[in-house]
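Here is the structure we will look at.
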Amino acid sequence: MGFTALDWAIVTVYLIASVAIGLAGKRYIGNLSHYLVAGRELGVYLGVATLAATEIGTITYMYNAELGYRYGFASFAAALISGLVMIFVGRTGFVIRPFREMQLMTVPEFFEKKYSLGLRLLTGMLVALGGILNMGVFLKIEGEFLAIVSGTPMKYLVLVMTVILLIEMLYTVLGGMVSVVITDFLQYVLLSVATILVSVAAVRAAGWGHIVHTVSTTMGLAGFSPLENAKFGWTFLIWQTLLWFSVHTCWQTTAMRMFSTRGPEVSKRVMTVTGFIFLGRGMLPMLWGIAALALYGTGAAHNGISAPVVGGHTLAPLDAMPAMLANILGPGIKGIVVAGMLAATMSVNSSYLLGWSSILSQDVILPLRRLVGREPLSSRRQILVNRLANLFVSMFLMFWGLYYTPPGAVYLYLNITATIFLAGAFVSVIGGLYWKRATTLGGYLAMMMGAAGAIVPYFFLHWNETQAGFGAFGLAALGLVFGSLAGRPAGAAVAAVEAR
Amino acid sequence: MRAWEIFWAASLVIAGVSFAGITAVVAVRGLGDLREMFRHLRERRDAAE
Chain A
1 MGFTALDWAI VTVYLIASVA IGLAGKRYIG NLSHYLVAGR ELGVYLGVAT LAATEIGTIT
61 YMYNAELGYR YGFASFAAAL ISGLVMIFVG RTGFVIRPFR EMQLMTVPEF FEKKYSLGLR
121 LLTGMLVALG GILNMGVFLK IEGEFLAIVS GTPMKYLVLV MTVILLIEML YTVLGGMVSV
181 VITDFLQYVL LSVATILVSV AAVRAAGWGH IVHTVSTTMG LAGFSPLENA KFGWTFLIWQ
241 TLLWFSVHTC WQTTAMRMFS TRGPEVSKRV MTVTGFIFLG RGMLPMLWGI AALALYGTGA
301 AHNGISAPVV GGHTLAPLDA MPAMLANILG PGIKGIVVAG MLAATMSVNS SYLLGWSSIL
361 SQDVILPLRR LVGREPLSSR RQILVNRLAN LFVSMFLMFW GLYYTPPGAV YLYLNITATI
421 FLAGAFVSVI GGLYWKRATT LGGYLAMMMG AAGAIVPYFF LHWNETQAGF GAFGLAALGL
481 VFGSLAGRPA GAAVAAVEAR
Chain B
501 MRAWEIFWAA SLVIAGVSFA GITAVVAVRG LGDLREMFRH LRERRDAAE
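Protein chains in written order, with my numbering: chain A, 1 to 500; chain B, 501 to 549.
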């Protein structure tokens with residue numbers, strides 16, 4: 001069933017309201033701190049809204065639903081780990097408290113404070129590379145979702161992607177973090193309502209008993225136990241634990257929210273509360289995917305997974321969930337859900353655009369200027385550099401998103417591209433904060449070995465994601481320990497920077 | 501398998517209830533935070549001008 005006039009009206013009203021509210025944020029931008037960290041004025045509830053909205057997008061729903069479709073309830077383990085790790089980080093203040101106390105604006109900035117300017121530059125480049133590659137698949141998948149649910153022909157996919165990107169870019173470039181926070185609040189409320197509506201509709205349509213029966217008959221114990229599922233196992237669970245620790249502490253868009261709060265205690269509370277939201281962020285869309293399997297998983301099996309067949313057409317597992325929504329949601333509800341998903345898309349993409357462009361400007365372009373002896377830029381000029389970096393990232397995303405399709409489950413592609421920088425960054429941050437012997441050489445080796453450990457096995461040797469990801473963290477840790485024991489203490493490097 | 505089913509069902513209920521409950525609280529109290537952020541940013545901008 002396609003979109004009705006009522007559905008289009010709901011979506012149009014949302015888009016106009018969102019852009020108008022986002023543009024209103026521009027009037028509050030006075031300096032760079034307002035632009036990048038909203039003047040560090042976030043309270044607990046606004047912090048929760050913006051952090052949740054930033055990390056819940058249509059892409060999140062799509063990859064989690066795909067994981068649920070492919071691996072059943074066993075996939076819930078990934079959601080459980082992400083939520084529990086976040087609650088632990090929030091309760092203890094692990095990494096986030098010292099980060100907030102240091103008044104950082106970006107994660108690589110820490111590398112200069114603790115290690116050296118050169119290591120900040122290297123980290124900035126790897127963070128930008130991994131982050132932009134990671135975001136590169138968002139637009140196409142989000143466009144597919146919106147096209148399938150609204151019944152828009154696929155030939156308009158590029159147009160849908162372009163319109164989404166232009167709208168996000170408009171208010172992010174002009175209003176920075178203030179605009180992003182305001183729109184995130186509206187978008188969080190809307191996406192949450194959509195999430196709850198879809199969850200109820202999916203269980204009603206498929207039936208809980210039928211969902212459980214389908215998983216047990218098609219997958220057996222592997223559909224319930226992550227330890228029995230060949231795709232998961234202990235290695236996967238340990239990698240996921242390390243990865244989520246690093247995401248919740250060192251992922252730029254998450255860290256920017258922690259840097260933007262009124263203080264370390266607020267950061268801890270924001271992280272703890274959002275941890276509970278993260279349980280639902282993973283499990284609810286995974287449930288939608290399992291419901292889609294129960295309703296449409298009747299096609300030929302490929303790698304042990306039955307392809308979804310909807311209206312006589314065989315689809316990819318990734319598209320099963322949106323096809324289900326197109327069929328089970330009635331007029332009006334579909335408009336609200338699509339507006340909610342658009343909200344989710346825009347909140348994630350605008351935050352990510354700001355996050356990765358801020359890394360490019362603050363941790364690549366500006367340090368390079370300092371290395372070649374150029375004068376520091378004024379706050380106004382730095383905002384201009386940020387805006388230009390934002391434009392560059394947006395253009396790259398359009399082209400990469402159109403021409404690259406990740407092999408296998410999207411969730412795992414996103415995990416491995418994140419690991420390119422997270423393995424080394426997380427290990428170096430832990431070393432820098434909690435190990436006195438950590439040195440600049442150790443930091444360099446951790447970043448390079450972590451990145452090589454993810455890129456070479458995954459993109460060139462075609463290992464699976466779990467092996468590559470697990471190995472990357474191991475290599476990064478080895479690099480930090482070996483380099484630190486062999487190099488001079490980081491204090492000497494810090495003193496050299498301060499002297500300069 | 502039955503134990504896993506009960507475990508995941510319970511986790512799902514906790515996740516769903518937390519998600520809905522936190523949304524309701526944040527929707528109401530987040531507005532207050534938003535107003536306070538605007539006030540502080542306006543004050544700082546005016547002071548700078």
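Cβ atoms here follow ideal geometry from the backbone N, Cα and C, with glycine treated the same way.
In the DSSP assignment, find the unbroken alpha helix (DSSP H) run with Ala-205 (chain A) in it and report its ends.
157 to 206 is the span of the alpha helix (DSSP H), which, as asked, contains Ala-205 (chain A).
List the endpoints of the continuous alpha helix (DSSP H) containing Leu-293 (chain A).
That run of the alpha helix (DSSP H) goes 264 to 296.
Give the straight-line distance between the Cα atoms of Glu-505 (chain B) and Gly-83 (chain A), rounded to the nearest whole angstrom.
Each residue's alpha carbon lies about 19 Å from the other.
Work out the CA separation of Val-160 (chain A) and Ser-119 (chain A) for me, nearest whole Å.
In the sequence under discussion, the amino acid at residue 119 (chain A) is Leu, which differs from the Ser named in the question. So the two alpha carbons sit approximately 39 Å from each other.
At the level of alpha carbons, what is the spacing between Ile-56 (chain A) and Gly-401 (chain A)?
Their Cα atoms are separated by approximately 19 Å.
Any C-beta of chain B under 9 Å from that of Arg-204 (chain A)
Chain B, which has no Cβ nearer than 9 Å to the Cβ of Arg-204 (chain A), makes this no.
How long is the line joining the alpha carbons of Leu-512 (chain B) and Phe-73 (chain A), rounded to whole angstroms?
The straight-line gap separating the alpha-carbon atoms of Leu-512 (chain B) and Phe-73 (chain A) is approximately 10 Å.
8 Å contact criterion, which Ala-147 (chain A) and Leu-139 (chain A) should meet: CB distance rounded:
Wrong, their Cβ atoms sit about 12 Å apart, outside the cutoff.
Kindly indicate which residue of A:Leu-117, A:Ser-33 and A:Val-19 has the alpha-carbon position closest to the one of Arg-380 (chain A).
Of the candidates A:Leu-117, A:Ser-33 and A:Val-19, A:Ser-33 places its Cα closest to the Cα of Arg-380 (chain A).
Measuring alpha carbon to alpha carbon, tell me which of A:Lys-436, A:Ile-430 and A:Phe-426 ends up nearest Ala-451 (chain A).
Measuring from the Cα of Ala-451 (chain A), the nearest candidate turns out to be A:Phe-426.
Rounded to the nearest angstrom, what separates Tyr-177 (chain A) and Tyr-296 (chain A) at their Cα positions?
According to the sequence provided, residue 177 (chain A) is Met. The question's Tyr does not apply to it. Those two C-alpha atoms are separated by around 42 Å.
Tell me which residues of the stretch 227 to 251 of chain A have at least one Cβ-Cβ distance to chain B shorter than 8 Å, keeping chain order.
The stretch 227 to 251 of chain A vs chain B, Cβ under 8 Å: nothing.
Short of 7 Å in beta carbon distance, which residues of its chain neighbour Ala-326 (chain A), apart from the five on each side in sequence? Order them along the chain.
So the list reads Met-1, Ile-148, Val-149 and Gly-151, once near-sequence residues are dropped.
In this structure, how does DSSP classify Ser-515 (chain A) when only helix, strand and coil are distinguished?
Nothing can be reported for residue 515 (chain A): it is not among the residues displayed for chain A, which extend from 1 to 500.
Are there 16 or more other CB atoms within 10 angstroms of the CB of Lys-155 (chain A), so buried, or fewer, so exposed?
By the 10 Å Cβ count, Lys-155 (chain A) comes out exposed.
Could you check whether the Cβ of Gly-280 (chain A) sits closer than 9 Å to any Cβ belonging to chain B?
Chain B, which has a Cβ nearer than 9 Å to the Cβ of Gly-280 (chain A), makes this yes.
Is the number of C-beta pairs between the stretch 360 to 375 of chain A and the stretch 97 to 112 of chain A that are closer than 8 Å three or more?
By the Cβ rule, the stretch 360 to 375 of chain A counts as touching the stretch 97 to 112 of chain A, because three or more pairs are nearer than 8 Å.
Using 9 Å as the limit for Cβ to Cβ distance, is Val-181 (chain A) near chain D?
Considering every chain present, this structure includes no chain D. Its protein chains are A and B.
Return the chain-ordered list of same chain residues with a C-beta closer than 6 Å to the C-beta of Val-310 (chain A), the five sequence neighbours on each side being excluded.
Around Val-310 (chain A): Tyr-296 and Ala-323.
By alpha-carbon positions, which one of A:Ser-75, A:Thr-218, A:Leu-243 and A:Ala-472 ends up nearest to Ser-225 (chain A)?
It is A:Ser-75 whose Cα lies nearest to the Cα of Ser-225 (chain A).
Would you say Tyr-171 (chain A) lies against chain B (beta-carbon separation less than 9 Å)?
Chain B contact via Cβ: absent.
Give me the Cα-Cα distance between Val-429 (chain A) and Val-203 (chain A), rounded to the nearest whole angstrom.
Their Cα atoms are separated by approximately 43 Å.
In whole angstroms, what separates the C-alpha of Ala-446 (chain A) from that of Gly-233 (chain A)?
Ala-446 (chain A) and Gly-233 (chain A): Cα-Cα distance of roughly 26 Å.
Using a Cβ cut-off of 7 Å, pull out every chain A residue sitting near Glu-543 (chain B), in sequence order please.
Under the 7 Å cutoff, chain A gives no residues; its nearest Cβ is about 10 Å from Glu-543 (chain B).
What are the start and end residues of each continuous alpha helix (DSSP H) run of 4 or more residues lying completely inside the stretch 419 to 473 of chain A, in chain order?
For the stretch 419 to 473 of chain A, whole alpha helix (DSSP H) runs of length 4 or above, ordered along the chain, are 440 to 455.
Could you pull the DSSP bridge partners for Ser-260 (chain A) from this structure?
Ser-260 (chain A) is not bridged to any residue.
Among the residues of its own chain, which have a CB less than 8 Å from the CB of Arg-91 (chain A), if the five just before and after it don't count?
Answer for Arg-91 (chain A): Lys-268 and Thr-272, listed in chain order.
Under 9 Å by beta carbon: chain A residues contacting Ala-510 (chain B)
Counting only Cβ-Cβ distances below 9 Å, Ala-510 (chain B) has no contacts in chain A at all, with the closest Cβ about 11 Å away.
For chain B, check one thing: does any of its Cβ atoms lie closer than 9 Å to the Cβ of Leu-315 (chain A)?
Residue-level contact check: Leu-315 (chain A) does not touch chain B, since none of the beta carbons of chain B fall below 9 Å from its beta carbon.
Buried or exposed by the 16-neighbour rule on C-beta atoms within 10 Å, applied to His-248 (chain A):
Classification for His-248 (chain A): buried.
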